[in-house]
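Enquirer: For the record, the sequence lines run as chains A and B.
Position 52 (the first sequence) corresponds to 179 in the working numbering; numbering is contiguous.
Position 80 (the second sequence) corresponds to 207 in the working numbering; numbering is contiguous.
Protein chains: 2
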Amino acid sequence: MKIEEALKTNKFKSDQHKAMLNIMFTASWLRSKVVSKLKCYGVSQEQYNVLRILRGSYPTPLCAKDITDRMIDKNSNTTRIMDKLITKEYINKWRGEVDRREVNISITELGLELLKEIDQEEAIDKPNYLNLSDAEAGLLSALLDKLREKSVTREQ
Amino acid sequence: MKIEEALKTNKFKSDQHKAMLNIMFTASWLRSKVVSKLKCYGVSQEQYNVLRILRGSYPTPLCAKDITDRMIDKNSNTTRIMDKLITKEYINKWRGEVDRREVNISITELGLELLKEIDQEEAIDKPNYLNLSDAEAGLLSALLDKLREKSVTREQ
DNA sequence: GTACAATAATTGAGAAGTCAGTTAATCATT
DNA sequence: AATGATTAACTGACTTCTCAATTATTGTAC
Numbered sequence: 128m129k130i131e132e133a134l135k136t137n138k139f140k141s142d143q144h145k146a147m148l149n150i151m152f153t154a155s156w157l158r159s160k161v162v163s164k165l166k167c168y169g170v171s172q173e174q175y176n177v178l179r180i181l182r183g184s185y186p187t188p189l190c191a192k193d194i195t196d197r198m199i200d201k202n203s204n205t206t207r208i209m210d211k212l213i214t215k216e217y218i219n220k221w222r223g224e225v226d227r228r229e230v231n232i233s234i235t236e237l238g239l240e241l242l243k244e245i246d247q248e249e250a251i252d253k254p255n256y257l258n259l260s261d262a263e264a265g266l267l268s269a270l271l272d273k274l275r276e277k278s279v280t281r282e283q
Numbered sequence: 128m129k130i131e132e133a134l135k136t137n138k139f140k141s142d143q144h145k146a147m148l149n150i151m152f153t154a155s156w157l158r159s160k161v162v163s164k165l166k167c168y169g170v171s172q173e174q175y176n177v178l179r180i181l182r183g184s185y186p187t188p189l190c191a192k193d194i195t196d197r198m199i200d201k202n203s204n205t206t207r208i209m210d211k212l213i214t215k216e217y218i219n220k221w222r223g224e225v226d227r228r229e230v231n232i233s234i235t236e237l238g239l240e241l242l243k244e245i246d247q248e249e250a251i252d253k254p255n256y257l258n259l260s261d262a263e264a265g266l267l268s269a270l271l272d273k274l275r276e277k278s279v280t281r282e283q
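(1) What does A:K277 touch in chain B if you count any residue whose Cβ is under 7 angstroms from its own?
(2) Note down, in chain order, each residue of its chain lying with its Cβ closer than 7 angstroms to the Cβ of A:D226, except the 5 sequence neighbours on either side.
(3) Between the beta-carbon of B:I199 and the beta-carbon of A:M147, is there less than 7 angstroms?
(4) What would DSSP say about A:L189, mapped onto helix, strand or coil?
(5) Give the residues from the segment 135-157 of chain B that approach chain A closer than 8 angstroms (Cβ to any Cβ), ordered along the chain.
(6) Answer yes or no: does any C-beta atom of chain B fall closer than 7 angstroms to that of A:A264?
(7) Hey, would you say A:A284 sits closer than 7 angstroms to B:D142, going by beta carbons?
(8) What residues from chain B crowd round A:G183, counting only those whose CB sits closer than 7 angstroms?
(9) Under 7 angstroms between C-beta atoms, does A:I130 make it to chain B?
(10) By Cβ distance, which residues of its chain are closer than 7 angstroms to A:R228, with the 5 residues on each side in sequence left out?
(11) Where does B:N231 fall in DSSP's three states?
(12) Mind listing the chain B neighbours of A:N202? Cutoff is C-beta to C-beta under 8 angstroms, in chain order.
(13) Compare the beta carbon distance of A:G183 and B:K138 with 7 angstroms and say whether it is the shorter of the two.
(14) Consider the Cβ of B:R197: report whether some Cβ of chain A lies at a distance smaller than 7 angstroms.
(15) How long is the line joining the alpha carbons of B:R222 and B:S203, rounded to whole angstroms?
(16) Quick one: which chain A residues come within Cβ less than 8 angstroms of B:K273?
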């Protein structure tokens, strides 16, 4: 379904504006796919994202700021997401020894197991990933990277 | 800033996965830009989106469902967004005469004025739109449209 | 026209996000 | 080592989102 159909309109101010709406719509579309996949595991997209980040650095822990820096949505309240993951025992947290302002956060065995389960389901669903060739996906990423350049205007 | 920098990682499962994270990150990035622009006008991105939709059909009113169909985030709670806009007197709402389940919603003069103001500010800020040529923006939209195709898998 | 299904909109309750302000620790300058 | 600035994490209050359940109305089949 093309974006004109998805938003039931042909009125776009410009190609750039149309692309912008398309990005936001596609992100929302992707998000709802991911959320519905994660639903039966009881984790939100943000929680899943954090677990993947922690697996990436495992067994080295990360501090909360390191995690925020790696998150898709930089405005997330990392503390609150951590609280949820601690309750579920998917992560551990302890005060930093070198810099006592920081906290160290590490994924637990249980957290790793959860990710493994989700990975397996994903492997089965592989074909439904994104309907793009590697080259197209690469091009898309390059365009998105370019789009965000030179955004320095009068209001920063 | 390339996506590798933005998320401080080089580990992507595939080009498709990287593109997916890039879309979500870019959407979040765009969103925070739009939100900060709208902040001084006291409307959220979703509220702004609805007002633009209503202006598009003005003076013909739309029912709540028509609006949802045109929204970027189809999961939004349209009723609640309308409530906010009614309080601010940017829209009017009345029960449908033909189908009494529906409500008719129309933008007010005040709502139109607000949009005009925002348009004017935007015109000044034009250069900071998206750093893409018309052709690039078109290509990006085409890739996003393609990406969403054929998403019919075993689960629905 | 009655019964049942489908649709449009709304509501309630709980979860999550947002944002400004606070605390605690460290850094930088003198 | 004392001062103030900066940084990391956290908290409270508030807003918004989410999702299932509900109400009101219309459509469909007999």
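Each residue gets a CB set at the ideal place from its N, CA and C atoms; glycine is no exception.
Model, not experiment: these values are computed from the prediction.
Expert: Based on what the coordinates show:
(1) N258
(2) none
(3) no
(4) strand
(5) So the list reads K135, T136, K138, S141, D142, Q143, H144, K145, A146, M147, L148, N149, I150, M151, F152, T153, A154, S155, W156 and L157, given in the order they occur along the chain.
(6) yes
(7) Nothing can be reported for residue 284 of chain A, as the shown portion of chain A is limited to 128 through 283.
(8) Going along chain B in sequence order, the residues near A:G183 (Cβ under 7 angstroms) are T136 and K138.
(9) So yes, A:I130 belongs to the interface.
(10) none
(11) strand
(12) S155 and S159
(13) Yes, they are a contact pair.
(14) yes
(15) 21 angstroms
(16) N258, L259 and E263
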